[in-house]
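Residues in the sequence shown are numbered from 110 upward in steps of one, following our numbering. Below is one structure, written out as structure tokens; the observations come after it.
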Amino acid sequence: MISIILDKKRHNRKRFDCGVDALNNYLCLMANQQSARDNTRTFVLEDINQLNHIIGYYTLTMTSLDLNHLPKPLQKKHKNTQSAGLIARLAVDKRYIKQGFGEWLLIDSLKKLLSASETVGFTLIIVDAKEGAIEFYKKFGFSNFIDTPDKLYMTIADIRKSLGGCLRIGVVARES
Ligand SMILES: CC(C)(COP(=O)(O)OP(=O)(O)OC[C@H]1O[C@@H](n2cnc3c(N)ncnc32)[C@H](O)[C@@H]1OP(=O)(O)O)[C@@H](O)C(=O)NCCC(=O)NCCS
């Protein structure tokens with residue numbers, strides 16, 4: 110499987126339905142525009158039987174980091190850090206859920222951010238989890254920020270270790 114950049118001429122964005130209006134609407138109305146302005150990048154996984162059908166997508170960008178929301182040991186360690194990689198959105202169409210595509214998209218997004226961090230240098234990856242998806246991210250090794258349960262993080266160091274070992278992440282020695 111391979112993810113490719115969203116192409117509005119190729120992909121049927123209107124057909125996509127993950128059950129969350131905000132995520133459907135973002136793909137339909139905003140993702141392409143934001144990419145054209147270099148604000149975000151959206152990658153999709155196509156259905157190999159019907160290439161214009163989108164199985165799932167994720168959107169990547171950078172975000173500012175409030176160190177006060179990190180556990181104390183990480184605050185100290187990353188005191189010079191001001192920005193982080195962000196998985197701004199990730200969703201699988203309802204017709205394709207529970208077949209491992211969410212896991213595949215998450216790992217694919219982490220590989221891309223890890224690769225970007227080798228060039229521009231940042232220490233954390235953050236996800237904004239929709240209600241009901243927090244446990245999905247925790248399963249793969251993400252931890253809650255203090256006081257913001259729907260915002261989770263994982264260090265690049267932990268991701269590097271996890272992806273270096275096996276694809277199933279989460280069972281790794283945490284930095285904190
Ligand atoms: C959350 C979502 C991405 C999961 O996609 P999926 O393709 O069904 O997930 P997978 O089949 O790859 O599941 C991988 C593992 O995560 C688990 N999982 C899936 N969704 C989960 C959830 N909401 N909470 C906890 N665990 C979850 C699965 O049980 C599976 O575990 P297992 O291998 O031990 O059985 C998908 O349901 C979705 O798009 N939901 C709506 C949008 C959303 O909430 N997006 C995320 C936040 S922005």
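Backbone N, C-alpha and C fix where the C-beta goes; we use that ideal spot for every residue, glycine too. None of these values were measured; they are calculated from a predicted model.
Taking 8 Å as the threshold (C-beta atoms), are residue j and residue i in contact?
| i | j | result |
| --- | --- | --- |
| Asp-267 | Gly-250 | yes |
| His-187 | Leu-233 | yes |
| Gly-273 | Ser-226 | no |
| Arg-198 | Tyr-135 | yes |
| Asp-217 | Ile-163 | no |
| Tyr-262 | Ile-243 | no |
| Val-129 | Lys-239 | yes |
| Lys-123 | Cys-137 | yes |
Contact defined as beta carbons within less than 8 Å: I believe residue i pairs with residue j. What is the distance between those atoms, to the nearest angstrom?
| i | j | result |
| --- | --- | --- |
| Tyr-166 | Thr-151 | 6 Å |
| Leu-223 | Arg-269 | 6 Å |
| Ile-265 | Phe-231 | 7 Å |
Tell me whether residue i is buried or exposed, calling it buried when 16 or more other Cβ atoms sit within 10 Å of its Cβ.
| i | result |
| --- | --- |
| Met-110 | exposed |
| Asn-158 | exposed |
| Leu-174 | buried |
Beta-carbon within less than 8 Å of residue i's beta-carbon, same chain only, minus the 5 sequence neighbours each way: which residues are those?
| i | result |
| --- | --- |
| Ser-144 | Ile-114, Leu-115, Arg-150 and Thr-151 |
| Asn-121 | Asn-161, His-162 and Ile-163 |
Among the residues of its own chain, which have a CB less than 7 Å from the CB of residue i, if the five just before and after it don't count?
| i | result |
| --- | --- |
| Arg-283 | Unreliable placement is indicated for Arg-283, whose pLDDT of 42 sits below 50; the coordinate value is still reported in the next sentence. Closer than 7 Å at Cβ, skipping near neighbours: Asp-267. |
- Item | Sufficient close CB pairs (3 or more, under 8 Å) joining the stretch 152–171 to the stretch 203–222 | When Cβ pairs closer than 8 Å are counted between the two stretches, the stretch 152–171 is seen to touch the stretch 203–222, the count reaching three or more.
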